[in-house]
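See structure below.
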Amino acid sequence: MSWIFYALGARFLWAWTNIADKYILTNKVKNPLVYLVMGFLVDGVLIPIWFFFDFFWYGWLNFWLIVLASILFFIATFFYILAMQREEVSRINLLWNLMPLHGLWLSWIFLGEVLEPKQLVALFILLVGSILAGLHLNIQKEKIKLTSGFWLMLISTLFFVGCDVVTRYVTKHGVVALQMAGYQLFILPVLAGLFFFFKKFRRQFALEKKSYTWQVLLLLVIIALLSRTGVFLNIKAISQGHISLINVLEGAQSIMVFVLAILLTLLAPKYIKEEWDKKNLLLKLMALILMVVGIVVLNVKW
Numbered sequence: 109m110s111w112i113f114y115a116l117g118a119r120f121l122w123a124w125t126n127i128a129d130k131y132i133l134t135n136k137v138k139n140p141l142v143y144l145v146m147g148f149l150v151d152g153v154l155i156p157i158w159f160f161f162d163f164f165w166y167g168w169l170n171f172w173l174i175v176l177a178s179i180l181f182f183i184a185t186f187f188y189i190l191a192m193q194r195e196e197v198s199r200i201n202l203l204w205n206l207m208p209l210h211g212l213w214l215s216w217i218f219l220g221e222v223l224e225p226k227q228l229v230a231l232f233i234l235l236v237g238s239i240l241a242g243l244h245l246n247i248q249k250e251k252i253k254l255t256s257g258f259w260l261m262l263i264s265t266l267f268f269v270g271c272d273v274v275t276r277y278v279t280k281h282g283v284v285a286l287q288m289a290g291y292q293l294f295i296l297p298v299l300a301g302l303f304f305f306f307k308k309f310r311r312q313f314a315l316e317k318k319s320y321t322w323q324v325l326l327l328l329v330i331i332a333l334l335s336r337t338g339v340f341l342n343i344k345a346i347s348q349g350h351i352s353l354i355n356v357l358e359g360a361q362s363i364m365v366f367v368l369a370i371l372l373t374l375l376a377p378k379y380i381k382e383e384w385d386k387k388n389l390l391l392k393l394m395a396l397i398l399m400v401v402g403i404v405v406l407n408v409k410w
């Protein structure tokens with residue numbers, strides 16, 4: 109069961125990177141694509157760390173599967189950034205709980221993983237919680253609707269789970285988790301660099317680059333370090349446990365971010381500000397409770 113500790117460790121680190129992403133996207137930068145590219149280019153500063161480890165070649169099939177996983181991760185991160193720019197960070201983190209639902213049918217189709225009845229019950233509870241998390245109540249117009257962040261995260265989590273499925277396959281066929289993380293550390297900056305071949309992107313980058321002060325770049329380096337460490341821990345978890353069960357632990361990340369977002373809203377609203385009206389807060393609390401219930405159902409022995 110060591111995969112649980114790896115998965116929780118990854119989500120603890122990602123909770124902090126989510127808060128940092130929201131701060132930058134709200135207060136510092138405007139173009140989400142430029143931010144995505146900059147974020148992955150900054151990953152390149154971590155490459156020297158890799159030279160402390162041995163490099164192994166696992167054949168062309170595994171290499172291209174790792175490239176595929178990296179592309180899926182890249183696309184998923186783009187939709188996540190779009191969602192983060194438009195939605196509250198606490199809601200976004202509640203919507204990470206869509207991942208077990210994607211993981212269920214993708215791992216069933218491609219990996220032949222079958223879940224027990226109690227795990228299916230837990231996934232249903234998490235689905236209801238995710239829908240509640242995506243609901244936004246407009247008090248002035250007295251309307252309730254699913255936010256655009258819900259649909260963007262629906263797409264983002266699908267690609268993230270697709271990446272997890274490929275990662276699970278590769279690690280089950282001999283690729284060590286640390287090596288997988290190392291390959292991605294090289295591949296993702298290369299994917300980001302390809303955008304500079306497009307003239308339109310170069311113009312967008314030229315307009316945005318003044319937003320990237322040394323403070324923002326330093327924060328991006330910290331985000332990269334925490335994120336890459338989280339990715340490594342998550343790959344370790346995926347190599348040892350069921351994808352759907354690992355993704356269920358997104359609930360732990362939701363709780364961490366929910367608490368951090370509330371504290372920052374109360375103590376430092378200039379950095380992070382959440383909706384604080386009673387009805388929207390109630391929706392988020394109900395969603396959070398369902399996430400916790402889903403995790404409890406998953407871990408209780410029947």
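Residues in the sequence shown are numbered from 109 upward in steps of one, following the numbering used here.
For each residue, glycine too, the CB sits at the ideal point set by N, CA and C.
Asked: Buried or exposed (CB count within 10 angstroms, at least 16 for buried), ALA422; Found: In this structure the chain extends from 109 to 410, so residue 422 is not present and cannot be described.
Asked: Supposed close pair LYS392, ARG199 - CB separation, criterion 8 Å; Found: 7 Å
Asked: Extent of the continuous alpha helix (DSSP H) to which SER319 belongs; Found: Run containing SER319: none; DSSP gives neither H nor E here.
Asked: Own chain residues within Cβ distance below 8 Å of TYR114, not counting five before or after; Found: LEU341, ASN342, LYS344, ALA345, GLN348
Asked: Alpha carbon of ASN139 to alpha carbon of LEU133, nearest angstrom; Found: 8 Å
Asked: Cβ shell of ARG310 (< 8 Å), same chain only, five flanking positions each side left out; Found: PHE304
Asked: For TYR291 and MET192, the rounded distance between their alpha carbons; Found: 27 Å
Asked: Sequence-distant residues of its chain with Cβ nearer than 7 Å to TYR166 (five each side left out); Found: GLY282, VAL283
Asked: Delimiting residues of the alpha helix (DSSP H) encompassing TRP259; Found: 256 to 280
Asked: Any alpha helix (DSSP H) of 4 or more consecutive residues that is wholly inside the stretch 124 to 185; Found: 140 to 150, 155 to 158
Asked: Straight-line gap, GLN361 to LEU398 (C-alpha atoms, nearest Å); Found: 14 Å
Asked: Whole-number beta carbon distance between LEU390 and PHE267, since they are thought to touch under 8 Å; Found: At roughly 31 Å, the Cβ-Cβ gap does not stay under 8 Å, so PHE267 and LEU390 are not in contact.
Asked: Pair within 8 Å by beta-carbon distance, SER178 and ILE295; Found: yes
Asked: Reference ILE183, options PRO156, GLY270, LYS136, closest by Cα; Found: GLY270
Asked: ARG336 vs ASP151 beta-carbon contact at 8 Å; Found: yes
Asked: 6 Å CB neighbourhood of ALA123 in its chain, flanking five on each side removed; Found: GLN361, MET364, VAL365
Asked: TYR114 (DSSP reduced to helix, strand or coil); Found: helix
Asked: Rounded C-alpha distance that separates GLN323 from ILE330; Found: 11 Å
Asked: Environment of ALA128 [buried if 16+ CB atoms lie within 10 Å]; Found: buried
Asked: Nearest-angstrom Cα separation, counted from MET207 out to GLY237; Found: 12 Å
Asked: Straight-line Cα distance separating LEU234 from GLN227; Found: 11 Å
Asked: Proximal residues to LYS308 (C-beta, below 7 Å), its chain only, five neighbours per side dropped; Found: none
Asked: Minimum C-alpha distance to VAL273 - residue among LEU176, ASN201, VAL153; Found: LEU176
Asked: Residue environment, PHE258, which counts as buried when at least 16 other CB atoms sit within 10 Å; Found: buried
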